[in-house]
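Going by our numbering, the final residue of the sequence shown carries number 953, and the count climbs one at a time with no gaps.
All C-beta atoms, glycine included, are put in the ideal place defined by N, C-alpha and C.
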Amino acid sequence: MLVPSLSRPATPRASQAAGPYWLDGAELFRRLETDGDKGLEPEEAAARLARFGPNELEMAEPIHVLGMLLRQFTDLMVLILLAAAGIALLSWWVGGARGFPADTVVIGAIVILNAVLGFVQEYRAEKTVHELKRTASVRARVIRGGHQAMVDRVLLVPGDVIVMGEGDRVPADAILLGAERLQVDESLLTGESRLVSKHAGRSPEGTPVDSRPGQVFAGTTVAAGTGRAVVIATGSNTELGGIATSVASTRAEGTPLGRRLARLGSQIGWGVLILSSMMGGTILLVEQRMDPTALVRILMFSVALAVAAVPEGLPAVLTVSLSSGTRRLARKNAVVRRLAAAETLGSVTVIVTDKTGTLTHNEMTISALFYDGRHRSVSGQGYEAAGSIHGDPKVEGTLEPLLAAGVLAGTGSLDRLGPRRQAVGDPVDAALLVLAEKAGVDWQLWREQSHRIADGPFSSERARASSLRVRNGARILFVKGSLEVISSRADSVLLGGRTVRLDNQQLDALREAESRYAGQGLRTLALAFRPEAPEAAEVETLEERLTLLGLVGMGDPPRAEAAPALEKCRRAGIRVLMLTGDHPRTALSVARQIGLSHSAGALTGPEVERLTDQDLARAVVSHNVFARMSPQAKLRLVTALVDAGEVVAMTGDGVNDAPALKKVHVGVAMGSGTAVAVEASDLVLLDDNFTTIVTAVAGGRQVFTNVQKFIAFLFSGNLGVVLAMFAGALLAGLLDMSEGGQVLLPLTAAQILWMNLVTDGAPAVAFSLGRSRPETMDRPPRAPDDPILSANLWRYVVLTGVTVAGMFLLVLDAYYERGLVTCTCDSSAYARTAGFYLLVTARLWNSLNFRHLPGTIFSGDFFRDFAVPAACLLSWTLTLAVLLAPPMGELFGLVPLRSETLLLLTGAAAFVVLPAELYKRFARAQYHLQPPRSPRAPR
15 MLVPSLSRPA
25 TPRASQAAGP
35 YWLDGAELFR
45 RLETDGDKGL
55 EPEEAAARLA
65 RFGPNELEMA
75 EPIHVLGMLL
85 RQFTDLMVLI
95 LLAAAGIALL
105 SWWVGGARGF
115 PADTVVIGAI
125 VILNAVLGFV
135 QEYRAEKTVH
145 ELKRTASVRA
155 RVIRGGHQAM
165 VDRVLLVPGD
175 VIVMGEGDRV
185 PADAILLGAE
195 RLQVDESLLT
205 GESRLVSKHA
215 GRSPEGTPVD
225 SRPGQVFAGT
235 TVAAGTGRAV
245 VIATGSNTEL
255 GGIATSVAST
265 RAEGTPLGRR
275 LARLGSQIGW
285 GVLILSSMMG
295 GTILLVEQRM
305 DPTALVRILM
315 FSVALAVAAV
325 PEGLPAVLTV
335 SLSSGTRRLA
345 RKNAVVRRLA
355 AAETLGSVTV
365 IVTDKTGTLT
375 HNEMTISALF
385 YDGRHRSVSG
395 QGYEAAGSIH
405 GDPKVEGTLE
415 PLLAAGVLAG
425 TGSLDRLGPR
435 RQAVGDPVDA
445 ALLVLAEKAG
455 VDWQLWREQS
465 HRIADGPFSS
475 ERARASSLRV
485 RNGARILFVK
495 GSLEVISSRA
505 DSVLLGGRTV
515 RLDNQQLDAL
525 REAESRYAGQ
535 GLRTLALAFR
545 PEAPEAAEVE
555 TLEERLTLLG
565 LVGMGDPPRA
575 EAAPALEKCR
585 RAGIRVLMLT
595 GDHPRTALSV
605 ARQIGLSHSA
615 GALTGPEVER
625 LTDQDLARAV
635 VSHNVFARMS
645 PQAKLRLVTA
655 LVDAGEVVAM
665 TGDGVNDAPA
675 LKKVHVGVAM
685 GSGTAVAVEA
695 SDLVLLDDNF
705 TTIVTAVAGG
715 RQVFTNVQKF
725 IAFLFSGNLG
735 VVLAMFAGAL
745 LAGLLDMSEG
755 GQVLLPLTAA
765 QILWMNLVTD
775 GAPAVAFSLG
785 RSRPETMDRP
795 PRAPDDPILS
805 ANLWRYVVLT
815 GVTVAGMFLL
825 VLDAYYERGL
835 VTCTCDSSAY
845 ARTAGFYLLV
855 TARLWNSLNF
865 RHLPGTIFSG
875 DFFRDFAVPA
885 ACLLSWTLTL
895 AVLLAPPMGE
905 LFGLVPLRSE
915 TLLLLTGAAA
925 FVVLPAELYK
935 RFARAQYHLQ
945 PPRSPRAPR
């Protein structure tokens, strides 16, 4: 029977660790009970499918749409509004169900709209693991009963023998039985862009995943060659399945804005309940009666107060603000997938970035040559042929065979996709082809004029690659590889076009050149050939008695804009950590070139995994450069940062990055990355450029500034109405402002909703469209626990709210027929309509105060952004339309106002500007819209 380690386990990762990749062929077949030539019999395959299940990822709990929708109605503020709608409906019914229940319908519509907005955002955010399933969806060639057939990969089982060719997606984890020049792209799992050569052979038990040449993994791609393998793990038991499990179990971090709004909403909710209770008691004292009708009246006052306190337009305006920010970022190559991330970017304190392709070009470039005992520099960057070899030497002597070895020893090529050239196959081969072009060589013609007989593919064990060619009628073996390996198989060196014996002096010169290039962070490649190679059955037997031609030094050059972007981060108080799968020496070289502090050296992935939690917490503070990072090490590192209270943004492009991308506050995927990384991310960089992240952070900071402004504006208006409602009940008792012995309701719920949504809504949306200022990145990030509104801003809100409430009460008193001021009035409805209009115009004047915070409205940039004044004009026009159109006025309980009343109240409402301007002047020295915290010392 099958060994227990291949049965479906309770924990998939335990099965992977126990996979029999270390067994030789005979023992492997015995354990799997399969035949390496004929494969499984169809009947046995069907039985195993029933036992192990389909070869697909075990998905997370399905998204319950109904439950997600119902969750939108559990927020305290929403529950208050629902209760208000119910009470308003009860009051309408008790009052004889006369007319139209406007309050109930309007409140209900607002609750439903907010629920729909929240539902849509949450639904779009829950698809990561499902994308993993689509990633693995392929068909496979399988041998069963001695016959090859194409089957859906979900039907594969342990023991199946599969056949793979160039371009195929590996359908399951499998052990190679045979391979011909097989190279696999494992970047989806490992994050490293280099191709991995594969061959049949076992690896010692405990060998890391990225160091098993005899095993292929589900989800990776065959880049070249062919292979035959036996399946050892399927579905969630594969390495890809383990990552899917990790993504599903990784808790996504909440956004700072979400936490602030939740805290603010809770405070508002409890405040409403307390004020409603106090108001009910006040009305009881004033009316001194307690019967069902009085109870309904008290409840209606509470409804109006609740509606006044809750900023109903906040969710919609917040969505508009975040959407506006995302559109601006999209025009700068940063696509925000989750709206809340647009603001969270502004809170980022640490950016964890990949090196390759983000800080660098991801284009291997040869910048140095050593041949004929001399060093030569090579100009130009990337895969374009612009540039030259220093001194522009002729392609003769040693240089000609050196370039030929670079062109003919590999199989990679270059292709133009859009405006840029890209490597096809091995990036090292592409760099060698560009070097030949810079010397004026037509490499395609050289390849066409030489007949390839056989190749010796690169592998980590061989550390070299070779190609046997017939060129100009001669059999020549061209070889490339590490200097250590090539020099051990060479007995001569070409100097000035002449072959001389390879002695210690020549070897020391080559090693000195290699050390020099390594110190510059360059990867060194030795090139050699064997002219007049004899006949041989295997290419490997010819890889001796070689003639060394020289060395090339290559690297992935940093982007020119990376260093200035890092300087912006330093000024903004943001730390930058560089993570890479490359060698520590390469990582430190790039850090030096871009100005990233690296005094503590580079910490490697294995070292990260060995550290205790306490030591890791200290290491993430002292180190900025991390090399040889595995997916597990990345996840552990970002978890330590999050646990330390940092707001973290991280870049990633492979499946292996998905768990860490989901863990951090802002996951940043490359536009060229895998679909899984994109689905796990919050932000996608279309140009894969670190500078775009910095631009997005600046945009996120401006989004928060806009959010601060419109929340402060909304709250000042709401506070004014709450105070007016509360004080209005007291004033009604003192001045006998009653109807039928009942306290006059200053404003109805429908009138308050009009102000909260229409009067305040348009200016608030205009606030949300504010553009970033240059000084945005010259202040440190906000602390994650900082409130949305600072103490200074709250004082400003209270001041304007009290001013608006006082003005409302004066108008209500002046126009009421039994008020303190003697005047000719039509009715209590006229007084309430006058008070309503005063509140509307005062709140519109007040928007100009908040537009220019912390500056004065008389500053020189009054006409810099005309969106807010235009929005105020729109809101004022709509309010006039309601007042002057009898059907609309009747719906909202309003009556037409005389023209002189409108003019007087419009001018009087401007008084709200005066105390606000006086406060600004008083508090100018210490007032800041976003109070900065002490920035950390740059590291």
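Candidates PHE87, VAL493, PRO645: which alpha carbon is nearest PHE472's?
-> For the residues PHE87, VAL493, PRO645, the minimum Cα distance to PHE472 belongs to VAL493.
Compare the C-alpha of ARG434 against each of GLU398, ALA163, VAL818 and name the closest.
-> Checked all of GLU398, ALA163, VAL818; the closest Cα to ARG434 is GLU398.
If you follow the alpha helix (DSSP H) that VAL442 is part of, which residue opens it and which one closes it?
-> For VAL442, the enclosing alpha helix (DSSP H) starts and ends at 441-452.
Beta bridge counterpart(s) of THR379 as assigned by DSSP = Within the DSSP bridge table, the entry for THR379 names GLY569 as partners.
Hey, out of ALA616, LEU916, ARG632, THR665, whose CA is closest to ALA641's CA?
-> Of the candidates ALA616, LEU916, ARG632, THR665, ALA616 places its Cα closest to the Cα of ALA641.
Taking all protein chains shown into account, decide if MET292 is buried (16 or more other Cβ within 10 angstroms of its Cβ) or exposed.
-> When all chains shown are included, MET292 counts as exposed.
Between the CA atoms of PRO760 and MET739 - distance to the nearest angstrom | As the crow flies, the alpha-carbon of MET739 is around 6 angstroms from that of PRO760.
Determine the closest residue to VAL79 out of VAL130, GLY192, ARG65, with distance taken between C-alpha atoms.
-> For VAL79, the closest alpha carbon among the candidates VAL130, GLY192, ARG65 is that of VAL130.
Spatial neighbours of THR790 in its chain, beta-carbon cut-off 7 angstroms, leaving aside the 5 residues before and after = For THR790, where only same-chain residues beyond five positions count, the Cβ hits under 7 angstroms are ALA712, ARG715, GLN716.
If you draw a straight line from the C-alpha of LEU343 to the C-alpha of THR709, how long is it?
-> The alpha-carbon atoms of LEU343 and THR709 are separated by roughly 8 angstroms.
Using 10 angstroms around the beta-carbon of ARG515, count the other beta-carbons present and answer buried if the total reaches 16, otherwise exposed.
-> With a threshold of 16 other beta carbon atoms within 10 Å, ARG515 falls short and is exposed.
Backbone CA spacing between SER481 and ARG183 [nearest angstrom] = Going from the Cα of SER481 to the Cα of ARG183 covers about 27 angstroms.
With a threshold of 16 other CB atoms inside 10 Å of the CB of MET664, please say whether the residue is buried or exposed.
-> For MET664, the number of other beta carbons within 10 angstroms of its own is at least 16, and it is reported as buried.
CB-CB length for GLY734 against LEU853, believed under 8 angstroms | That pair is a contact at about 7 angstroms.
Between ASP570 and ASN703, is the Cβ-Cβ spacing less than 8 angstroms?
-> Result no, Cβ atoms of ASP570 and ASN703 do not sit closer than 8 angstroms.
For the stretch 351-430, list the alpha helix (DSSP H) runs that are entirely contained and at least 4 residues long, ordered along the chain.
-> As summarised for the stretch 351-430, the continuous alpha helix (DSSP H) elements at least 4 residues long and confined to that stretch are 353-358, 413-422, given in chain order.
Is it right to say SER10 is buried, meaning 16 or more other beta carbons lie within 10 angstroms of its own, or is it exposed?
-> Since the displayed the chain opens at 15 and closes at 953, residue 10 lies outside it and no answer follows.
Drop a sphere of 10 angstroms on the beta-carbon of ASN518, count the other beta-carbons inside from all chains shown, and report buried for 16 or more, exposed for fewer.
-> With fewer than 16 other Cβ atoms within 10 Å, it is exposed.
Can you tell which of GLY396, SER335, LEU46, GLN229 has its C-alpha closest to the C-alpha of ALA186?
-> For ALA186, the closest C-alpha among the options GLY396, SER335, LEU46, GLN229 is that of GLN229.
Any idea which residues DSSP pairs THR118 with across the strands?
-> Answer is none; THR118 lacks a bridge partner.
Is it true that the CB of THR248 sits closer than 8 angstroms to the CB of LEU170?
-> Against a cut-off of 8 angstroms, the Cβ pair of THR248 and LEU170 comes out as a contact.
Would you list the residues sitting across from LYS494 in a DSSP beta bridge?
-> BP columns for LYS494 point to ALA479, LEU541.
According to the Cβ coordinates, are PRO172 and VAL245 closer than 8 angstroms?
-> The answer is yes: Cβ separation under 8 angstroms.
Strand pairing of LYS212, partner residues [DSSP] | LYS212 is bridged to LEU196.
Exposed unless 16 or more other CB atoms sit within 10 angstroms - verdict on PHE384 = Label assigned to PHE384: buried.
In whole angstroms, what is the alpha-carbon distance linking ALA763 and PRO900?
-> A direct Cα-to-Cα measurement between ALA763 and PRO900 gives close to 19 angstroms.
Look up PHE640 in the DSSP assignment and say whether it is helix, strand or coil.
-> PHE640 carries a strand assignment under DSSP once its states are collapsed to helix, strand and coil.
What's the gap between the Cα of VAL236 and the Cα of THR513?
-> Taking the straight line joining both Cα atoms gives about 40 angstroms.
My guess is that VAL635 and ALA605 are in contact by the Cβ rule of under 8 angstroms, so how many angstroms apart are they, rounded?
-> No, VAL635 and ALA605 are not in contact; Cβ-Cβ is about 17 angstroms, not under 8 angstroms.
Would you decide whether THR555 is buried or exposed? Buried here means 16 or more other CB atoms lie within 10 Å of its CB.
-> Taking all protein chains in view, the Cβ of THR555 is surrounded by fewer than 16 other Cβ atoms within 10 Å, so the residue is classified as exposed.
Hey, would you say VAL392 sits closer than 8 angstroms to GLY401, going by beta carbons?
-> VAL392 is a Cβ neighbour of GLY401, given a cutoff of 8 angstroms.
Is LEU905 near PHE114, with beta carbons less than 8 angstroms apart?
-> With contacts defined as CB atoms closer than 8 angstroms, LEU905 and PHE114 qualify as a contacting pair.
Measure the alpha-carbon distance for ILE288 versus VAL818 and round it to whole angstroms.
-> One C-alpha to the other measures close to 22 angstroms.
CB GLY780 to CB ALA881, shorter than 8 angstroms?
-> What sits at residue 780 in the sequence shown is Ala, not Gly. Yes.
Under a three-way DSSP split, which group does ARG954 fall into?
-> It is not possible to answer for residue 954, since the shown part of the chain is limited to 15 through 953.
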